[in-house]
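Everything in the sequence shown is counted per the UniProt record's numbering, starting at 1 for the first residue and increasing by one.
Notes follow the structure.
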Amino acid sequence: MTALLETRGVWQRFGGLVANSDVSISVGRGEIVGLIGPNGAGKSTLFNLIAGVLPPTQGSIWFDGEDVTHMPAAERCQRGVGRTFQVVKSFETMTVIDNVIVGALVRNTVMREARRKAHEVLEFTGLAARAHVLASDLVPAEKRRLEVARALATEPKLLLLDEVLTGLTPTEAQTGVALVRKVRDTGITVLMVEHVMEIVMPLVDRAIVLDLGKVLVEGKPADVVRDPKVISAYLGD
Ligand code: ADP
Ligand code: MG
């Protein structure tokens, strides 16, 4: 069976700066893959290329057997690419449930159906008790969970998580890790960016390390953390 996601020789240049340089990665169905690397390595840029926020300067992106390189973000979301966003300001003035309904409306045009889906997702993510609170009144760890909830409400095949575990207390991070496992157990494939290796390594099936826009190393987490190239990339950070 083909991979769910593949990037083939992807480049992203911003003027003279090369943010992604010939990046070819693949994510298999049902996997949890960690995309790690020092600050500025090009992780978020690659996420934007996969989600369709930007077109790559060169190379192609394949999702679920289809070339999506030039497909707009909204259409990729329809195809099953779900991603987290930082909770943007306008959403902060909305309740938790309304935030999640925005995600659910991607797939359910009937409001009653979207609301039912949103409640189900809030239950799943442990936010049900906070449904009618304003997003701005959530503590930071809950805001991260709300981002995940909104992405889940779009019913993705692939969930892209950008640093959703960063900056949490160890207990909150463990709750987050458990949620990611629970998501995968429902059959959703996960590609997650994290800067801090200690958090992601116990969770992922495979790790891909980016450095200076290139794939430096990829493999099983236990091998990746011991790789001298990875150690020196992080020490130079
Ligand atoms: P990471 O997420 O790994 O920290 P990014 O993908 O955010 O790295 O950034 C990679 C490089 O590309 C950085 O040098 C960053 O400054 C640059 N970059 C990212 N987005 C843009 C942009 N829109 N315009 C110009 N440079 C950018
Ligand atoms: Mg980033």
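The beta-carbon is built from N, C-alpha and C at its ideal position, and this holds for glycine as well.
Exercise for the section: Can you grab the Cα-Cα spacing for the pair Val193 / Asn20, in whole Å? Expected result: Taking the first residue of the sequence shown as position 1, residue 193 is located at position 193. Taking the first residue of the sequence shown as position 1, residue 20 is located at position 20. Roughly 15 angstroms between the two C-alpha positions.
Problem - Coarse secondary structure for Met197, derived from DSSP in three states - result: As a first step, residue 197 must be located in the sequence shown, where it is residue number 197. It is helical.
Handout entry: Minimum C-alpha distance to Val164 - residue among Arg83, Ala41, Gly30, Gly37
Key = On the sequence shown, residue 164 is found 164 positions in, with the first residue counted as 1. Among Arg83, Ala41, Gly30, Gly37, the Cα nearest to that of Val164 belongs to Arg83.
Problem - Three-state secondary structure assigned by DSSP to residue 239 - result: The question about residue 239 has no answer, for the chain in this structure spans 1 to 237.
Exercise for the section: Could you tell me how far apart the beta carbons of Thr69 and Pro55 are, in whole angstroms, since I believe they sit closer than 8 angstroms? Expected result: Sequence index remark: in the sequence shown, residue 69 carries index 69 (1-based). Sequence index remark: in the sequence shown, residue 55 carries index 55 (1-based). Contact flag correct, Cβ pair sits at about 7 angstroms.
Handout entry: Best match in Val27, Arg112, Met201 for proximity to Lys220 [C-alpha to C-alpha]
Key = On the sequence shown, position 220 is the one that residue 220 refers to. When Val27, Arg112, Met201 are compared, the shortest CA-CA separation from Lys220 is found for Met201.
Problem - Contiguous alpha helix (DSSP H) assignments of at least 4 residues, all confined to the region 25-91 - result: List check, alpha helix (DSSP H) in window: 43-51, 73-79.
Problem - Meets three-Cβ-pair contact criterion under 8 angstroms: the region 126-146 and the region 168-188 - result: Yes, they touch.
Exercise for the section: Confirm the yes/no value for this check: CB of Lys43, any heavy atom of the ligand MG, distance under 6 angstroms. Expected result: Within the sequence shown, numbered from 1, the residue matching residue 43 stands at position 43. Correct: Lys43 has its Cβ closer than 6 angstroms to the ligand MG.
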